[in-house]
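Undergrad:
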Amino acid sequence: MLSAIISLIALPYAPNALEPVISRETIEYHYGKHLQTYVDNLNKLVAGTEFEAMPLEEIVAKSQGAIFNNAGQILNHNLYFTQFKPYTIEQSAIINDQLPIFKAIIRDFGSFEAFLAEFEQKGTTLFGSGWVWLSADKDGKLVITQEPNAGNPVTKGLKPLLTMDVWEHAYYIDYRNRRAAHLHSLWQIINWDEINRRYTE
Ligand code: MN
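The opening position of the sequence shown corresponds to residue 14 in my numbering, with each subsequent residue numbered one higher.
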């Protein structure tokens with residue numbers, strides 16, 4: 014009998030808590046079906062291989078092909094789904110500039126607005142499926158990178174902090190082809206305490 018070594022993460026909010034930015038229906042498909050399928054595929058693919066019982070980040074660092082694609086997508090989605098918090102009307106205006114992550118953003122991008130603009134521009138211009146990332150290098154300097162398909166900045170030695178999924182499955186139910194509008198709306202539900210935790214841990 015196959016033992017599941019990688020399991021589906023739990024969401025830190027209710028399936029409808031991100032509405033209207035991300036609908037319950039999108040969560041049901043994106044988390045409940047797409048991510049679940051990557052988890053099921055990876056458990057089948059690693060059974061009996063050197064990757065069985067390896068931590069997810071190590072699988073991503075050492076694998077290629079189908080194992081990399083499924084492991085990368087699980088790592089990416091785990092970081093993606095756990096960076097959000099429930100939508101509230103007031104939230105989008107709240108920037109706590111005492112948090113180290115905000116100080117670093119202003120240091121490395123000039124202003125918070127310049128950071129938002131570069132991030133959205135890189136997400137909008139990423140051709141095809143993939144992910145746009147905010148990461149920290151080994152010195153703590155922040156960078157925004159585009160990764161195609163299942164790519165994750167850990168393969169470049171960077172620490173991933175925040176990501177937006179530009180695969181169409183992430184937004185097509187709610188936004189149809191309007192990727193830029195979807196990316197812009199996501200700032201309203203980013204849990205900056207979690208991004209700061211990742212940055213400072
Ligand atoms: Mn996705």
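For glycine and all other residues, C-beta sits at the position ideal for the given N, C-alpha and C.
Computed from a prediction, not measured in an experiment: that's the story for all the values here.
#1: Return helix, strand or coil for K154, following the three-state DSSP convention.
#2: Run the proximity test for H90: is its beta-carbon closer than 7 Å to any non-hydrogen atom belonging to ligand 1?
#3: I'd like the span of the beta strand (DSSP E) that includes K172, first residue to last.
#4: Could you name the residues of the same chain whose beta carbon sits closer than 6 Å to that of G85, not counting the 5 residues immediately before and after it, in chain order?
#5: Return the bridge partner residues of F97 from the DSSP annotation.
#6: Following the continuous beta strand (DSSP E) through G143, name the residue where it begins and the one where it ends.
#7: Report buried or exposed for Q49, applying the criterion of at least 16 other Cβ atoms within 10 angstroms of its Cβ.
#8: Can you round the beta-carbon distance between I203 and F97 to whole angstroms, since I take them to be within the 8 Å contact cut?
#9: For K135 and W180, what's the separation of their Cα atoms in angstroms?
#10: Considering only residues of the same chain and omitting the five flanking positions on each side of V167, which have a CB-CB separation below 8 Å?
#11: Buried or exposed: where does H182 fall if 16 or more other Cβ atoms within 10 Å of its Cβ makes it buried?
#12: Return the CA-CA distance between Y93 and N54, expressed in angstroms with no decimal places.
#13: Who are the Cβ neighbours of N91 in its own chain at under 7 Å, not counting the five residues just before and after it?
#14: Within 10 Å of its beta-carbon, does L15 have 16 or more other beta-carbons around it, so buried, or fewer, so exposed?
#15: For E160, which residues does DSSP report across the bridge?
#16: Which of the three DSSP states is assigned to Y184 in this structure?
#17: Would the stretch 113–127 count as touching the stretch 52–66 if we require 3 or more Cβ pairs under 8 Å?
TA: On the basis of the data shown:
#1: One-based indexing of the sequence shown puts residue 154 at position 141. Note: K154 maps to coil in three-state DSSP.
#2: Numbered from its first residue, the sequence shown carries residue 90 at position 77. Yes, Cβ of H90 sits closer than 7 Å to a heavy atom of ligand 1.
#3: Mapped onto the sequence shown, residue 172 falls at position 159. Taken as a continuous stretch (DSSP letters only), the beta strand (DSSP E) holding K172 covers 172–178.
#4: Within the sequence shown, residue 85 is the residue found at index 72, counting from 1. Answer for G85: V73, A163, N165, listed in chain order.
#5: Within the sequence shown, numbered from 1, the residue matching residue 97 stands at position 84. DSSP, once it has assigned bridges, lists I203 as partnering F97.
#6: By one-based count along the sequence shown, residue 143 stands at place 130. Taken as a continuous stretch (DSSP letters only), the beta strand (DSSP E) holding G143 covers 143–149.
#7: For the purposes of this step, residue 49 is identified with residue 36 of the sequence shown, where counting begins at 1. Exposed.
#8: Position 190 of the sequence shown, counting from 1, holds the residue named residue 203. Position 84 of the sequence shown, counting from 1, holds the residue named residue 97. Yes, I203 and F97 are in contact; Cβ-Cβ is about 7 Å, under 8 Å.
#9: Along the sequence shown, read from residue 1 onward, the residue named residue 135 stands at position 122. Along the sequence shown, read from residue 1 onward, the residue named residue 180 stands at position 167. Their backbone Cα atoms lie some 14 Å apart in a straight line.
#10: Working through the sequence shown from its first residue, we reach residue 167 at position 154. Same-chain partners within the cutoff: E70, V73, A74, L88, P173.
#11: Here residue 182 corresponds to residue number 169 of the sequence shown, with the count starting at 1. Exposed, by the Cβ-count rule.
#12: If you number the sequence shown from 1, residue 93 lands on position 80. If you number the sequence shown from 1, residue 54 lands on position 41. For Y93 and N54, the distance between alpha carbons rounds to 19 Å.
#13: Taking the sequence shown and counting its residues from 1, one reaches residue 91 at position 78. Closer than 7 Å at the Cβ level, and outside the excluded window around N91, lie I22.
#14: Taking the sequence shown and counting its residues from 1, one reaches residue 15 at position 2. In this prediction, L15 has a pLDDT of 48, which is less than 50 and means its spatial position is unreliable; what the coordinates show is noted afterwards. So L15 counts as exposed.
#15: As a first step, residue 160 must be located in the sequence shown, where it is residue number 147. Bridge partners of E160: W144.
#16: Looking up residue 184 in the sequence shown gives position 171. Of the three classes helix, strand and coil, the one that applies to Y184 here is coil, per DSSP.
#17: no
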